[in-house]
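Novice: Take a look at this one; I'll ask things after.
Numbering (the numbering used here), first residue to last: 329 to 780.
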């Protein structure tokens, strides 16, 4: 015999009403992910973030897991909006050596990790409880700000000290430094170290006597160097002009940086010069190899497009920079020189916030050299493979000093078309030729030994 219980019927009725009653909508957050701080996230921080997001840097630190976890929603928003890391060049228009933009997989890692409650490793989420002191040393992001990327400088110069007022908006201070050169020298590269990284956003260096642009420092690219076979001629007794872009912090600050110069004994095979591109398209009267582009930043500037109309009528976009962060002035340095044939028309279009297109005045400085391509140069590399990207033919390698090319560092290299990356794995020790020419820099004759 069946029995009816009034209390049970009421409960069932209420449950049914609740189930059928319209519910408010909430954004759905991903609850699981394979992305871990100790693996993917710390790698993104190392490659793009900790140059600024470090103790005593220009932005809040993102070194430890706890610091990054606390800022995960801000990181997510900045990754989706492309506001960080500060890099304006749109992918697909030019290949740049100083590119600090997030790749799409890297942006996806950050978003997925933030929406999945920030797992540290093995799917463990941060609980706020102090870690076991007996546990192994936690993984952290790392940057060595004292290391000279290009090696020990041939000449180190100390800049005069500059005072920066509290909470001061951007101010550019011009400093002149005596080179102390007794005779002309050939400069192959320079490297700058700020005295107070909190307040310096950029540093541009030129030669006072000639106006030659030598390079621009940014927090994510602390050095400038020319391809092998090229160098700037510094006259005896010349002066170097530093244009320093400062932003104040809460308290008064004083900055006194150091500039390292790196020389070569071989005269430059070509003259590297600066070309100003202004209102009208510039028609090239000889073959030109472009090394870098430096836009003139003006208030309200939103985007810059640099295009080359080739003699055959084809158009090539050399740079399209959108949503330009004016607080972080940067040049766009090509990974390999871009050859434009004689007769090419080079033009620049700037788009401003008020939707006007402005071409009046100098809008772009082009660093370039004329003439035929340079000869090929080869150097020996010995290092450890950090990661393998077989699909795109690239290796990330931690290597020692490469005499005549660069100092010890970790960087990504393209690989020659005849090299088989399927036989190489992270952790392998390798020896290789580094081939550098106008067609690019890549690895060839790779010999790998599997790590034990």
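For glycine and all other residues, C-beta sits at the position ideal for the given N, C-alpha and C.
By DSSP, does residue 365 sit in helix, in strand, or in coil?
Specialist: helix
Novice: Give the secondary structure of residue 751 by DSSP, where H, G and I count as helix, E and B as strand, and everything else as coil.
Specialist: helix
Novice: Hey, out of 570, 513, 528, 596, whose CA is closest to residue 534's CA?
Specialist: 570
Novice: Roughly how many angstroms lie between the CA atoms of residue 430 and residue 746, to the nearest whole one?
Specialist: 29 Å
Novice: Assuming residue 487 and residue 590 make a contact with CB atoms under 8 Å, what is their CB distance in whole Å?
Specialist: Residue 487 to residue 590, Cβ: 17 Å. No contact.
Novice: Let me make sure I understand the geometry here. Which of 444, 490, 562 has the alpha-carbon closest to that of residue 510?
Specialist: 562
Novice: Thinking residue 384 and residue 525 are a contact (beta carbons under 8 Å), I'd like their distance in whole angstroms, please.
Specialist: 6 Å
Novice: Could you spell out where the beta strand (DSSP E) holding residue 530 opens and where it closes?
Specialist: 528 to 535
Novice: Comparing C-alpha positions only, which one of 725, 765, 768 sits nearest to residue 757?
Specialist: Residue 757 has its Cα closest to that of 725, out of 725, 765, 768.
Novice: State the Cα-Cα distance for the pair residue 764 and residue 593, rounded to the nearest angstrom.
Specialist: Between the C-alpha atoms of residue 764 and residue 593 there is a straight-line separation of about 19 Å.
Novice: Are there 16 or more other CB atoms within 10 angstroms of the CB of residue 578, so buried, or fewer, so exposed?
Specialist: Exposed: under 16 other Cβ atoms inside 10 Å.
Novice: In chain order, what residues of the same chain have a beta carbon less than 7 Å from the beta carbon of residue 629, not counting five sequence neighbours either side?
Specialist: Cβ-Cβ distances below 7 Å link residue 629 to 652, 654, 678, 680 in the same chain, with the five nearest sequence neighbours on each side left out; the list follows chain order.
Novice: Do you know how far the Cα of residue 378 is from the Cα of residue 599?
Specialist: 36 Å
Novice: Check each candidate in 649, 371, 467 and name the one with the smallest Cα separation from residue 422.
Specialist: 649
Novice: For the region 607 to 625 and the region 658 to 677, state whether three or more C-beta atom pairs, one from each stretch, are separated by less than 8 Å.
Specialist: Result yes; three or more Cβ-Cβ pairs closer than 8 Å.
Novice: To the nearest angstrom, report how far apart residue 442 and residue 435 are at their CA atoms.
Specialist: Cα-Cα distance, rounded: 11 Å.
Novice: If you follow the alpha helix (DSSP H) that residue 623 is part of, which residue opens it and which one closes it?
Specialist: No alpha helix (DSSP H) contains residue 623, which is instead part of the beta strand (DSSP E) from 616 to 623.
Novice: Give the secondary structure of residue 499 by DSSP, where H, G and I count as helix, E and B as strand, and everything else as coil.
Specialist: strand
Novice: Helix, strand or coil for residue 738, going by three-state DSSP, please let me know.
Specialist: strand
Novice: Under three-state DSSP, which class holds residue 551?
Specialist: strand
Novice: By the three-class DSSP mapping on this structure, what secondary structure does residue 352 have?
Specialist: For residue 352, the pLDDT reaches just 44, beneath the cut-off of 50, and the residue's location in the model is therefore unreliable, leaving the point undetermined.
Novice: Cβ of residue 694 within 8 Å of Cβ of residue 621?
Specialist: yes
Novice: For residue 773, is the classification buried or exposed, using 16 other Cβ atoms within 10 angstroms of its Cβ as the cut-off for buried?
Specialist: exposed
Novice: Counting only the same chain and skipping the five closest in sequence on each side, list residues whose C-beta sits under 8 Å from that of residue 471.
Specialist: 374, 378, 379, 382
Novice: Any idea if residue 388 is buried or exposed, counting beta-carbon neighbours within 10 angstroms, 16 or more meaning buried?
Specialist: exposed
Novice: Taking the alpha carbon of residue 627 as the point to measure from, which residue in 775, 662, 691 has its own alpha carbon closest?
Specialist: Nearest C-alpha to residue 627: 691.
Novice: Ordered along the chain, which non-local residues of its own chain (more than five positions away) have a Cβ less than 8 Å from that of residue 752?
Specialist: Answer for residue 752: 713, 716, 723, 758, 774, 776, listed in chain order.
Novice: Buried or exposed, going by whether 16 or more other CB atoms sit within 10 Å of the CB of residue 449?
Specialist: Answer is exposed; the Cβ neighbour count stays below 16.
Novice: Given that a residue counts as buried once 16 or more other Cβ atoms are within 10 Å of its Cβ, and exposed if not, what is residue 401?
Specialist: Around the beta carbon of residue 401, fewer than 16 other beta carbons sit within 10 angstroms, so the residue counts as exposed.
Novice: Leaving out five residues before and five after residue 531 in sequence, what residues of the same chain have Cβ atoms less than 8 Å from its Cβ?
Specialist: 520, 522, 544, 545, 570, 571, 572, 573, 585
Novice: For the candidate residues 617, 484, 675, whose alpha-carbon lies nearest to that of residue 661?
Specialist: 617
Novice: Quick one: give me the first and last residue of the alpha helix (DSSP H) that residue 405 is part of.
Specialist: 400 to 409
Novice: From the DSSP output, in three-state form, read off residue 518 for me.
Specialist: strand
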